[in-house]
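> So that we are looking at the same thing, I have put the structure below in structure tokens.
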Amino acid sequence: MTQNYEKLPQGSFDRIPRDTQQAERISKPSVSFWQDAWRRLKKNKGAIFSLFLFGLIVIMALLGPVISPYSPNSQTITHANLPPKIPVIENLGIFDGVGTLGGKEVDLYEMKNVEQNYWFGTDGLGRDMFSRVWKGTQVSLFIAFAAAAIDMLIGVIYGGISGYFGGRIDDVMQRIVEILTGIPNLVVVILFIMIMDPGILAIIIALTITGWTGMSRVVRGQVLKYKTQEFVLAARTLGATDGRIIWKHLMPNVLGVIIINTMFTIPGAIFFEAFLSFIGLGLQAPDASLGTLINDGYKLIQYQPHILAIPAFVLSLIMIAFNLIGDGLRDALDPKMKD
Amino acid sequence: MARYIGKRIIYMVITLALIATFTFFLMKILPGSPIASADKLSPEQRAVVEARYGLDDPLPVQYFNYMFGLVQGDLGISINQFKGADVTDVILSRMGPSAQIGFQGMLLGTVLGILLGMIAALRQNTWIDYSSTVVAIIGISIPSFVFASMLQYSLGLKLGWFPVALWKDGFMSSVLPSIALAMFPLATAARFIRTEMIEVLGSDYITLAKAKGASGSEIAFKHAFRNALIPLITVLGPMAVGILTGSLVVEQIFAIPGIGEQFVKSIMVSDFSIIMGTTIFFSVFLILVILIVDIMYGIIDPRIRLSGGKS
Numbered sequence: 009m010t011q012n013y014e015k016l017p018q019g020s021f022d023r024i025p026r027d028t029q030q031a032e033r034i035s036k037p038s039v040s041f042w043q044d045a046w047r048r049l050k051k052n053k054g055a056i057f058s059l060f061l062f063g064l065i066v067i068m069a070l071l072g073p074v075i076s077p078y079s080p081n082s083q084t085i086t087h088a089n090l091p092p093k094i095p096v097i098e099n100l101g102i103f104d105g106v107g108t109l110g111g112k113e114v115d116l117y118e119m120k121n122v123e124q125n126y127w128f129g130t131d132g133l134g135r136d137m138f139s140r141v142w143k144g145t146q147v148s149l150f151i152a153f154a155a156a157a158i159d160m161l162i163g164v165i166y167g168g169i170s171g172y173f174g175g176r177i178d179d180v181m182q183r184i185v186e187i188l189t190g191i192p193n194l195v196v197v198i199l200f201i202m203i204m205d206p207g208i209l210a211i212i213i214a215l216t217i218t219g220w221t222g223m224s225r226v227v228r229g230q231v232l233k234y235k236t237q238e239f240v241l242a243a244r245t246l247g248a249t250d251g252r253i254i255w256k257h258l259m260p261n262v263l264g265v266i267i268i269n270t271m272f273t274i275p276g277a278i279f280f281e282a283f284l285s286f287i288g289l290g291l292q293a294p295d296a297s298l299g300t301l302i303n304d305g306y307k308l309i310q311y312q313p314h315i316l317a318i319p320a321f322v323l324s325l326i327m328i329a330f331n332l333i334g335d336g337l338r339d340a341l342d343p344k345m346k347d
Numbered sequence: 546m547a548r549y550i551g552k553r554i555i556y557m558v559i560t561l562a563l564i565a566t567f568t569f570f571l572m573k574i575l576p577g578s579p580i581a582s583a584d585k586l587s588p589e590q591r592a593v594v595e596a597r598y599g600l601d602d603p604l605p606v607q608y609f610n611y612m613f614g615l616v617q618g619d620l621g622i623s624i625n626q627f628k629g630a631d632v633t634d635v636i637l638s639r640m641g642p643s644a645q646i647g648f649q650g651m652l653l654g655t656v657l658g659i660l661l662g663m664i665a666a667l668r669q670n671t672w673i674d675y676s677s678t679v680v681a682i683i684g685i686s687i688p689s690f691v692f693a694s695m696l697q698y699s700l701g702l703k704l705g706w707f708p709v710a711l712w713k714d715g716f717m718s719s720v721l722p723s724i725a726l727a728m729f730p731l732a733t734a735a736r737f738i739r740t741e742m743i744e745v746l747g748s749d750y751i752t753l754a755k756a757k758g759a760s761g762s763e764i765a766f767k768h769a770f771r772n773a774l775i776p777l778i779t780v781l782g783p784m785a786v787g788i789l790t791g792s793l794v795v796e797q798i799f800a801i802p803g804i805g806e807q808f809v810k811s812i813m814v815s816d817f818s819i820i821m822g823t824t825i826f827f828s829v830f831l832i833l834v835i836l837i838v839d840i841m842y843g844i845i846d847p848r849i850r851l852s853g854g855k856s
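Right under this line is the structure:
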């Protein structure tokens, strides 16, 4: 080894003097918790794909009813029960407007002399399924997001107060939560829907009436965990008010859990809305959500399966996307996993 | 332990009393009359009918009568759907089919789910693992009524392997609804067992077992599987809730004469006493399941401190 070293030409190596000022320099850029989480999330292909897919669904939900030449509620009885027909793709043998009539496969568009194309077909009243499905997606997503936002707001405030102030306040508040969580969600939602006028607002209220308890429990647990730690004690010693401690010191730490929990509330709310509509407690005609569309489609399952299949497919896609995003976020926001 | 169980039972009774009170007053303020074709009756006829069902008593009297009957297991009488039949009898007579598909679905789901999760954990990061994850995600995401109608259309209507609906062919009629209900427990169990197994497989005692020369299957079954199975008990509660929620729509789809189908029907015709009775029945069932699960968990795994914040 030493001999080889001597054979090397002069000047191959520079001597680097020890610089005490350089020693303290941070060589890597500092990565905040959220940047780090985003990095981890980006590695999760399923979650990123789902984010993209969900973005696409939201865009379609907003644009779909606008770009379709037909309004979601206008009825053209002569165009009833048409199967889907999409130009270009129809040449592949799918979405070509062929449906069964009296046990035979016929092009229903030709038979009924329909010039236009209905991309997702039409329903029993001749309404365009394309605009109806996206309109329904809009309504379903709105209900889910509103319910999740209200759950989050109540849950965070309730859990935060209960955990932060502790003592007797916590005792009383927790007993209330314990009894509320004892009541099955299903029962509460159905009962509340029954006493209110059916509609979007009724569904949102029914979903949130006990829905916030899960969030409040999680937030309380996190607040309990962090409020005894040194940085909170330090802040308090320096004279920080309760409000400042909660907002500046506790909230950023609890935020990850809040986000994860919300990501799992949303598919739950979408499911419940569809469920209620399916058993007839949801929106009333002519309002449409994915649930009511599935319910309508189910009645025609034997002859017009597309009326059920398309909204069911969109609903399933949204649910899968949300579960994957939620899983991805849970892994990404876990501080134990650091790159 | 005894103290914990006692405390839980007291909570249970309070919760049930609240639910019963809540349901009772809710039914009273509901729009619509429980008496069939009430509009066509003259005021005198109406008064007779109301007197017969005790609907003319002052509200507190009605309430105490109801609560008193409840304690004795009497849920009142059906007013318009079954013309004076006992609600308790109506519910009990419809329990068979519901219990059968619920039990079959739960059994099928958990057994398959455990198998799937176990194989996925043992073959981590292979195609088996990935496909089992996909199955689990789909099972959790796709609502039971979508899955049920898909099954009904494909296996029932198109292929004709199983009866499309109704409860006439004994076991064969129960196959499709059971599969539809099994999806949720299957997915939950598979996900849960996979995570638990991977954690257990990485623990020290598994390394020790390997070092001592235990065979692969011995480690998998004797050491890893048993310990991964215990926490599964905690998800039995949510699974039962899932099955019950699912049964409302699945029974509707397959026209099964069970409690769920009955419940949806009575909502449509606003048969208040049936709705109240079923609500209370569901609540008792779910609360009991969760209580049993919690107690079982405490007995099986002594490390769990029951008095702690765990729910």
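From first to last, the protein sequence lines are chains A and B. The first sequence begins at 9 in our numbering and counts up one residue at a time. The second sequence begins at 546 in our numbering and counts up one residue at a time. The beta-carbon is built from N, C-alpha and C at its ideal position, and this holds for glycine as well.
Return the residue from the list B:758, B:729 and B:570 that minimises the CA-CA distance to residue 792 of chain B.
Checked all of B:758, B:729 and B:570; the closest Cα to residue 792 of chain B is B:729.
> Whole angstroms is fine: what's the gap from residue 798 of chain B's alpha carbon to residue 690 of chain B's?
Their backbone Cα atoms lie some 8 Å apart in a straight line.
> Nearest-angstrom Cα distance between residue 750 of chain B and residue 839 of chain B?
Looking at the two C-alpha atoms, the distance is approximately 27 Å.
> So residue 306 of chain A contacts chain B; which residues on that side make the cut at Cβ distance below 7 Å?
Near residue 306 of chain A (Cβ distances below 7 Å), the residues of chain B are 694.
> Who are the neighbours of residue 559 of chain B on chain A, taking C-beta pairs under 7 Å?
Going along chain A in sequence order, the residues near residue 559 of chain B (Cβ under 7 Å) are 187.
> Among the residues of its own chain, which have a CB less than 8 Å from the CB of residue 232 of chain A, if the five just before and after it don't count?
Counting only Cβ-Cβ distances below 8 Å, and skipping sequence neighbours, we find 171 and 174.
> Going by DSSP, what residues sit across from residue 634 of chain B in a beta bridge?
None, per the DSSP bridge assignment.
> Would you kindly check if the distance between the Cβ of residue 21 of chain A and the Cβ of residue 333 of chain A is under 9 Å?
No, these two residues do not count as a Cβ contact at 9 Å.
> Which bits of chain B does residue 331 of chain A rub up against, with CB to CB less than 9 Å?
Under the 9 Å cutoff, chain B gives 682, 685 and 686.
> Going by DSSP, what residue range makes up the alpha helix (DSSP H) through residue 339 of chain A?
Residue 339 of chain A -> alpha helix (DSSP H) spans 313-340.
> Is the beta carbon of residue 642 of chain B sitting closer than 9 Å to the one on residue 719 of chain B?
The answer is yes: Cβ separation under 9 Å.
> With a 10 Å radius around its C-beta and 16 neighbouring C-beta atoms as the bar for buried, classify residue 842 of chain B as buried or exposed.
Buried.
> Check each candidate in B:684, B:562 and B:725 and name the one with the smallest Cα separation from residue 698 of chain B.
Among B:684, B:562 and B:725, the Cα nearest to that of residue 698 of chain B is on B:725.
> Between residue 179 of chain A and the rest of its own chain, which residues show a CB-CB distance below 6 Å, the 5 nearest in sequence each way excluded?
Cβ neighbours of residue 179 of chain A beyond the five flanking positions: none.
> Spell out whether any CB of chain B is found under 9 Å from the CB atom of residue 339 of chain A.
Taking Cβ atoms only, chain B never reaches closer than 9 Å to residue 339 of chain A, which makes this a no.
> Check whether the Cβ atoms of residue 278 of chain A and residue 154 of chain A sit closer than 9 Å, and answer yes or no.
No.
> Compute the Euclidean distance between the alpha carbons of residue 36 of chain A and residue 255 of chain A, then round it to the nearest angstrom.
Residue 36 of chain A and residue 255 of chain A: Cα-Cα distance of roughly 30 Å.
> Counting only Cβ pairs nearer than 9 Å, list the residues of chain A close to residue 752 of chain B.
Within 9 Å Cβ-Cβ: nothing; residue 752 of chain B doesn't reach chain A, min ~21 Å.
> For residue 649 of chain B, I'd like the list of residues in its chain whose CB is within less than 7 Å of its CB, leaving aside the five on either flank, ordered along the chain.
Excluding residues within five positions, the ones whose Cβ falls inside 7 Å are 719 and 723.
> Can you give me the C-alpha to C-alpha distance between residue 241 of chain A and residue 252 of chain A, rounded to a whole angstrom?
Computed Cα separation, rounded: 13 Å.
> Within the continuous alpha helix (DSSP H) that includes residue 355 of chain A, where are the two ends?
Since the first residue shown for chain A is 9 and the last is 347, residue 355 of chain A is missing from the structure and cannot be characterised.
> In whole angstroms, what is the alpha-carbon distance linking residue 273 of chain A and residue 811 of chain B?
Straight-line Cα distance between these residues: approximately 29 Å.
> Compute the beta-carbon to beta-carbon distance between residue 794 of chain B and residue 315 of chain A, rounded to the nearest angstrom, for a pair I have assumed lies under 8 Å.
About 18 Å separates the two Cβ atoms, so there is no contact after all.
> Between the beta-carbon of residue 746 of chain B and the beta-carbon of residue 789 of chain B, is there less than 9 Å?
For residue 746 of chain B and residue 789 of chain B, no; Cβs fall outside 9 Å.
> Using a C-beta to C-beta distance shorter than 7 Å, which residues of chain A count as neighbours of residue 797 of chain B?
The contacting residues are 287.
> Could you name each continuous alpha helix (DSSP H) segment of 4 residues or more that falls completely within the segment 168-197 of chain A, going from the start of the chain to the end?
Correct list: 175-190.
> Quick check: is the beta carbon of residue 593 of chain B nearer than 9 Å to any beta carbon in chain A?
Answer no: the Cβ-Cβ gap between residue 593 of chain B and chain A never drops below 9 Å.
> Helix, strand or coil for residue 662 of chain B, going by three-state DSSP, please let me know.
Residue state, collapsed to three classes: helix.
> Beta-carbon of residue 812 of chain B versus every beta-carbon of chain A: anything under 9 Å?
Output row for residue 812 of chain B: interface = yes.
> Is there at least one Cβ from chain A nearer than 9 Å to residue 853 of chain B's Cβ?
Below a pLDDT of 50, predicted positions are generally treated as unreliable, and residue 853 of chain B, at 44, falls in that range; the measurement from the model is reported next regardless. Output row for residue 853 of chain B: interface = no.
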